[in-house]
Amino acid sequence: MRQVLLVAAIAAIAFGGITLVALEGNEVVVLVTVDAAGGRRETRAWIAEEDGAFWIEAAHPERGFYEDILAGSGVDIEGGDRRRSYRALPAENPHGHEKIRALLRAKYGWADTWIGMLADTSRSIGIRLVEIDGSPASG
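Using my numbering, the first residue of the sequence shown is number 169, and each one after it goes up by one.
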């Protein structure tokens with residue numbers, strides 16, 4: 169019985185470790201939005217770039233930060249040496265979903281596949297970020 173418990177514990181630790189590396193092992197930014205009560209909401213997210221524009225994903229429409237965006241909150245990004253303000257432009261599905269899935273799959277590779285086995289992103293929404301001054305986001 170001890171051996172079974174030991175194997176289960178090792179498997180759980182390995183699973184958790186792989187998941188942590190998948191989630192945090194590549195570029196992660198902090199999205200800052202304003203919630204309905206006026207409070208600051210911080211959300212850790214993956215980010216991709218295409219043709220000078222940044223893209224993020226709401227894994228499903230009920231995500232709190234996505235609801236903030238729909239209510240008119242802009243998005244500040246904090247990460248690495250970046251802290252910039254953006255307008256968030258959700259892309260209409262199915263195009264937005266297909267675009268963000270392809271961008272994240274290309275950038276994050278095995279990590280995107282691993283997380284995709286754990287979380288349902290079939291209703292995800294691609295969100296294009298445009299700097300407040302109107303120019304596309306740049307790195």
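From the three backbone atoms N, C-alpha and C, an ideal C-beta is built for every residue, glycine too.
For residue i, report the span of its alpha helix (DSSP H) as first-last.
{"i": "Arg269", "result": "263-276"}
{"i": "Gly232", "result": "232-238"}
Name the residue from the options whose alpha carbon lies nearest to the alpha carbon of residue i.
{"i": "Asp249", "options": "Glu260, Val198, Val172", "result": "Val198"}
{"i": "His228", "options": "Gly185, Ala274, Gly264, Lys275", "result": "Gly264"}
{"i": "Thr211", "options": "Glu266, Ala204, Val200", "result": "Val200"}
Starting from residue i and walking both ways along the beta strand (DSSP E), at which residues does that stretch end?
{"i": "Glu217", "result": "216-218"}
Using 9 Å as the threshold, is the C-beta distance between residue i and residue j below it?
{"i": "Ile237", "j": "Phe222", "result": "no"}
{"i": "Gly242", "j": "Ile300", "result": "yes"}
{"i": "Val196", "j": "Ile181", "result": "no"}
{"i": "Gly232", "j": "Arg208", "result": "no"}
{"i": "Leu257", "j": "Arg291", "result": "no"}
{"i": "Ile224", "j": "Ile283", "result": "no"}
To which residues of the same chain is residue i closer than 6 Å at the C-beta, ignoring the five residues directly before and after it?
{"i": "Ala226", "result": "Tyr234, Ile293"}
Using a Cβ-Cβ cut-off of 7 Å (strictly less than) and excluding sequence neighbours within five positions of residue i, which residues of its own chain qualify?
{"i": "Ala176", "result": "none"}
{"i": "Ala287", "result": "Ala227"}
Give me, in chain order, the residues of the same chain whose beta-carbon lies closer than 8 Å to that of residue i; leave out the 5 immediate sequence neighbours on both sides.
{"i": "Asn194", "result": "Trp214, Lys275, Tyr276, Ala279"}
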